[in-house]
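If you count the sequence shown from 1, position 72 lands on 72 in UniProt numbering, and the numbers rise without skipping.
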Amino acid sequence: MNILLTGGAGYIGSHTYVALVEAGFTPVILDNFANSHPRVLERLQAITGKPVLCERGDVLDTPFVEQVLRRHAVGGVVHFAGDKAVGESVAKPLKYYRNNLGGAVSLMQAMEAAGCDTLVFSSSATVYGDPASVPIREDFPRSHTNPYGHTKLVIEDMLAAQQVAQPAWKVATLRYFNPVGAHPSGLIGEDPAGIPNNLMPYIAQVATGQRPFLQVFGSDYPTPDGTGVRDYIHVCDLAEGHVAALRTLIESGRSLTVNLGTGSGHSVLEVVRAFEAASGRPVPYQQVARRPGDVAQCYADPALAQRLLGWRATRTLAQMCEDAWRWQSANPNGYRDAGEAVSR
Ligand code: WQD
Numbered sequence: 001m002n003i004l005l006t007g008g009a010g011y012i013g014s015h016t017y018v019a020l021v022e023a024g025f026t027p028v029i030l031d032n033f034a035n036s037h038p039r040v041l042e043r044l045q046a047i048t049g050k051p052v053l054c055e056r057g058d059v060l061d062t063p064f065v066e067q068v069l070r071r072h073a074v075g076g077v078v079h080f081a082g083d084k085a086v087g088e089s090v091a092k093p094l095k096y097y098r099n100n101l102g103g104a105v106s107l108m109q110a111m112e113a114a115g116c117d118t119l120v121f122s123s124s125a126t127v128y129g130d131p132a133s134v135p136i137r138e139d140f141p142r143s144h145t146n147p148y149g150h151t152k153l154v155i156e157d158m159l160a161a162q163q164v165a166q167p168a169w170k171v172a173t174l175r176y177f178n179p180v181g182a183h184p185s186g187l188i189g190e191d192p193a194g195i196p197n198n199l200m201p202y203i204a205q206v207a208t209g210q211r212p213f214l215q216v217f218g219s220d221y222p223t224p225d226g227t228g229v230r231d232y233i234h235v236c237d238l239a240e241g242h243v244a245a246l247r248t249l250i251e252s253g254r255s256l257t258v259n260l261g262t263g264s265g266h267s268v269l270e271v272v273r274a275f276e277a278a279s280g281r282p283v284p285y286q287q288v289a290r291r292p293g294d295v296a297q298c299y300a301d302p303a304l305a306q307r308l309l310g311w312r313a314t315r316t317l318a319q320m321c322e323d324a325w326r327w328q329s330a331n332p333n334g335y336r337d338a339g340e341a342v343s344r
């Protein structure tokens, strides 16, 4: 079955591309490369040994998306395309509402026009806001603390409304916790533009010497060592979770919403130590004030995904750090040539 990956050239999308090929699907990438690099396509061919089908364009271009769906006889869509920087969304909310909400509406309209009714959506644990307790179950209340999280929450509601209007639609909403790591080949990985917002890519750049030290945001949280606790999940586990969700939709026809996490929480300092062990490099850090909007703890109850998808994360924090280190040390500039400007 041909599967369209919107934003498929990105971090999660590219790893899901590999997992889909390995599972016998034929993925087609749709990407405008606003937040990804075309070099990922040659890397994907190197990993899979097959030519990569890619349609360059914007998910907001509804007629274009419909043409792509028809041209490739797409049987299902995995929707990754969108902006995802929490801080940027506070500074530029209209960009996020236009790209994320507009993109989702445009995609669903194109799917309706082309007769495609199977959709996997990249949601986020950010829809839980500041959870009252952990581990987090899917029936926990949702809230948002920033425009990025708001777009994920609203898209979930748009998908629910579409399923009421079109009961034949099959939708899997996947709430990611903290994706980290890279494909073990070291050929694809996380390639943040500019200064990394997220912990793991920042630590990796400290380990390579690209940055002098890590700022640890907060040392007074109600956690074992005072630093923030998160549910880090290997991006390859996450990718395999997408394949399991797609298979479940196709085989059962039942829509679902599940957490994709490990169920284990690790503190910032635990991740620092794990990365030092994996890389053999020191990761100097300074403990500074909390980052506004951060929560103390956020980790999943992964039971529902295991029950509905027959899937669970298996890779350890050590493997996440080893694979992230292999990618970063082999690609210190990500997919860009040394000296190539960051285009986004
Ligand atoms: C993890 C921990 C920080 C950087 C965000 C989004 C979420 C999802 C994943 C898209 C926290 C600490 C971080 C640093 C630090 N993105 N930290 N120094 O904030 O849990 O989640 O990314 O879907 O929607 O909210 O991830 O990696 O930014 O932070 O101390 O330089 O590391 O305080 O405790 P977060 P993160």
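Each residue gets a CB set at the ideal place from its N, CA and C atoms; glycine is no exception. Predicted, not measured: the structure shown is a model, and the values here were computed from it.
Residues that residue i bridges to, as DSSP identifies them
{"i": "residue 387", "result": "Only positions 1 to 344 of the chain appear in the structure, and residue 387 is not among them; the question remains open."}
{"i": "Y176", "result": "S124 and L260"}
{"i": "residue 345", "result": "Residue 345 lies beyond the range of the chain shown here (1 to 344); nothing can be said about it."}
{"i": "V216", "result": "Q287"}
{"i": "G7", "result": "In the DSSP output, where bridge partners are listed per residue, G7 has none listed."}
{"i": "I233", "result": "P179"}
Straight-line Cα distance separating residue j from residue i
{"i": "residue 419", "j": "S329", "result": "Coverage of the chain is limited to positions 1 through 344, which leaves residue 419 absent and any answer about it impossible."}
{"i": "S255", "j": "K84", "result": "24 Å"}
{"i": "H183", "j": "D220", "result": "34 Å"}
{"i": "A289", "j": "V216", "result": "8 Å"}
{"i": "R336", "j": "E112", "result": "37 Å"}
{"i": "L260", "j": "N100", "result": "21 Å"}
{"i": "V65", "j": "P27", "result": "15 Å"}
{"i": "L269", "j": "Y285", "result": "9 Å"}
{"i": "S252", "j": "G76", "result": "14 Å"}
{"i": "A303", "j": "G263", "result": "8 Å"}
{"i": "T208", "j": "G186", "result": "15 Å"}
{"i": "L60", "j": "L69", "result": "14 Å"}
{"i": "N178", "j": "D225", "result": "19 Å"}
{"i": "T62", "j": "A110", "result": "6 Å"}
{"i": "V180", "j": "G57", "result": "27 Å"}
{"i": "W325", "j": "M200", "result": "10 Å"}
{"i": "E322", "j": "I195", "result": "21 Å"}
{"i": "S123", "j": "N2", "result": "22 Å"}
{"i": "R241", "j": "V235", "result": "The question names Arg, but residue 241 in the sequence shown is Gly. Approximately 10 Å between the Cα atoms of the pair."}
{"i": "A132", "j": "S89", "result": "24 Å"}
{"i": "I250", "j": "T118", "result": "8 Å"}
{"i": "P212", "j": "Q287", "result": "14 Å"}
{"i": "L5", "j": "F80", "result": "7 Å"}
{"i": "M320", "j": "D237", "result": "10 Å"}
{"i": "V171", "j": "G218", "result": "38 Å"}
{"i": "V164", "j": "V206", "result": "49 Å"}
{"i": "G102", "j": "M108", "result": "10 Å"}
{"i": "V258", "j": "A168", "result": "20 Å"}
{"i": "Y128", "j": "D157", "result": "14 Å"}
{"i": "L41", "j": "I12", "result": "14 Å"}
{"i": "H144", "j": "S267", "result": "23 Å"}
{"i": "L159", "j": "G339", "result": "42 Å"}
{"i": "T23", "j": "Q45", "result": "Position check: residue 23 holds Ala in this sequence, whereas Thr was assumed. Spanning the two alpha carbons is a distance of roughly 16 Å."}
Residue i, DSSP secondary structure in three states
{"i": "D225", "result": "coil"}
{"i": "G241", "result": "helix"}
{"i": "V59", "result": "coil"}
{"i": "I195", "result": "coil"}
{"i": "V68", "result": "helix"}
{"i": "G189", "result": "coil"}
{"i": "G13", "result": "helix"}
{"i": "V74", "result": "strand"}
Neighbour flag for residue i against chain D, beta carbons, 7 Å
{"i": "F217", "result": "Going by chain labels, chain D is absent from the structure shown, which holds only one protein chain."}
*Note down, one range per segment and in chain order, each alpha helix (DSSP H) of at least 4 residues found wholly within the stretch 81-164.*
The qualifying runs are 86-91, 93-96 and 103-114.
*Are the stretch 284-304 and the stretch 321-340 in contact at 8 Å, needing three or more beta carbon pairs?*
At 8 Å Cβ cutoff, the stretches do not touch.
*For the stretch 220-236 and the stretch 288-297, state whether three or more C-beta atom pairs, one from each stretch, are separated by less than 8 Å.*
Segment contact: the stretch 220-236 against the stretch 288-297, three or more CB-CB distances shorter than 8 Å; contact assigned.
*Start-end ranges of the alpha helix (DSSP H) lying completely within the stretch 17-49, minimum 4 residues*: Secondary structure remark: continuous alpha helix (DSSP H) runs of at least 4 residues inside the stretch 17-49, in chain order: 39-48.
_In chain order, what are the residue ranges of uninterrupted beta strand (DSSP E) at least 3 long that sit wholly in the stretch 244-326?_
Whole beta strand (DSSP E) segments, 3+ residues: 256-260 and 285-288.
*Pair every Cβ in the stretch 78-93 with every Cβ in the stretch 142-153, then say whether three or more of these pairs are closer than 8 Å.*
With a cut-off of 8 Å, the stretch 142-153 and the stretch 78-93 count as touching, because enough Cβ pairs lie within range.
*Quick check: the stretch 127-144 against the stretch 178-196, are there 3 or more CB pairs under 8 Å?*
These segments do not touch.
*Three CB pairs or more closer than 8 Å across the stretch 276-288 and the stretch 24-39*: The stretch 276-288, when compared against the stretch 24-39, does not touch it at the 8 Å Cβ threshold.
_So, does the stretch 301-310 touch the stretch 242-254, judging by three or more C-beta pairs under 8 Å?_
The stretch 301-310 and the stretch 242-254 touch, with no fewer than 3 CB-CB distances between them shorter than 8 Å.
*Do three or more CB pairs link the stretch 262-278 to the stretch 44-52 at distances below 8 Å?*
Not touching, per the Cβ criterion.
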